[in-house]
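Read the structure below first, then the notes.
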Amino acid sequence: MKKITLLLVEDEEAIRDMLRFSIPESEFDIIEAGNMMGAMNALEHFIPDLIILDWMLPDKSGIDFIRCIRKDETLRNIPIIMLTAKAEEENKVKGLMVGADDYLTKPFSPNELIARVKTILRRGSIKSTSGEIKIDSLIVNTNRCQVTIDTHEVKLTPIEYRILHFFILHPNKTYTRDQLLTHIWGRHSYIEERTIDVQIKRLRGKLKKHEYHDRIKTARGIGYYFSGNNHAKE
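Mapping the sequence shown onto full-length UniProt numbering, position 222 (from 1) lands on 222, and the numbers just tick up by one.
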């Protein structure tokens with residue numbers, strides 16, 4: 001049975017320790033971050049099944065973090081449970097309205113948190129049958145951020161997934177490296193253009209096993225484009 005991966009974004013070490021010891025290792029893998037910057041760095045390397053998020057963080061608020069996540073095409077469907085000492089109803093409403101899936105007031109029971117995590121993930125598994133983009137035998141499930149070819153899962157990093165997802169949404173259109181950086185990393189990123197070449201080379205390598213590597217074409221002297229037509233299933 002596959003473990004559930006949780007991203008725990010909490011600056012209080014005592015709460016992180018409590019959850020680390022309370023949440024069963026046989027069912028969950030926990031990645032920890034003490035602030036928003038650490039959480040965003042973690043999300044560059046993996047996509048969790050669910051995020052447990054503290055409202056008050058040292059660098060930004062949990063509300064800011066949720067807004068950021070919900071704007072990202074790759075991350076927007078990750079469920080989020082907020083933890084906070086703010087017990088007032090207006091704060092709970094604000095958290096839910098901005099995009100949190102659930103809200104737990106401190107102090108809380110770890111067992112209740114685990115129960116809520118499982119309930120949200122069970123609810124999500126029922127909804128995740130839609131949201132597919134298909135090109136021949138290549139399928140991108142946008143709810144799960146998962147790519148399969150001929151029913152075989154292609155293991156991609158979050159950045160590789162974002163690149164492929166972007167290309168598939170905009171087939172047969174050439175983009176410069178600078179345009180790809182803006183669309184995938186954001187307008188104010190400080191990533192070098194050469195990073196695009198490195199990431200696309202790795203992505204092609206993973207697609208090569210399934211003979212899809214040649215779908216990502218190089219437009220010499222300009223940039224890259226994806227050859228094919230997609231079929232979105234709502």
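Note that the Cβ used here is the ideal one computed from N, Cα and C, for glycine as well.
The Cβ atoms of Thr84 and Lys118 do not sit closer than 8 angstroms to each other. Under DSSP, the beta-bridge partners assigned to Met56 are Ser61.
Taken through DSSP and simplified to helix, strand or coil, Lys173 comes out as coil. 8 angstroms or more divides the Cβ of Ile196 from the Cβ of Arg215. In this structure, the alpha-carbon of Ala100 lies about 44 angstroms from that of Arg220. Between the alpha carbons of Leu75 and Leu138 lies a gap of roughly 20 angstroms. Taking 8 angstroms as the cut-off, the beta carbon of Ile51 is found closer than this to the beta carbon of Leu7.
Bridge partners of Ile216 according to DSSP: Phe226. Between the alpha carbons of Ile15 and Asn143 lies a distance of about 30 angstroms. Using a Cβ distance threshold of 8 angstroms, Pro110 and Ser26 do not count as a contacting pair. Per DSSP, Val93 has no beta-bridge partner at all.
Taken atom to atom, the span from the alpha-carbon of Phe46 to that of Arg162 is near 12 angstroms. Check the Cα spacing between Pro48 and each of Met97, Ile69, Lys201, Lys206: the tightest is with Ile69.
At the C-beta level, Tyr175 and Gly223 come within 8 angstroms of one another. Of the candidates Phe166, Ile149, Asp29, Val140, the residue whose Cα lies closest to the Cα of Ile4 is Asp29. When the Cα atoms are used, Glu132 and Val140 turn out to be separated by approximately 6 angstroms.
In the structure shown, Phe167 adopts helical secondary structure according to DSSP, grouped into three states. The distance from the Cβ of Asp102 to that of Ile81 is about 5 angstroms, consistent with a contact at the 8 angstroms cut-off. Here DSSP, grouped into helix, strand and coil, assigns Asp197 to helix. The C-beta distance from Val9 to Leu53 rounds to 5 angstroms, short enough to fall under 8 angstroms. Here Arg122 is exposed: its Cβ has fewer than 16 other Cβ atoms, across all protein chains shown, within 10 Å. In this structure, the straight-line span from the alpha carbon of Glu89 to that of Thr148 is close to 43 angstroms.
Rounded to the nearest whole angstrom, the C-alpha separation of Gln199 and Ile159 is 8 angstroms. Per DSSP, the unbroken alpha helix (DSSP H) holding Leu43 starts and ends at 36-43.
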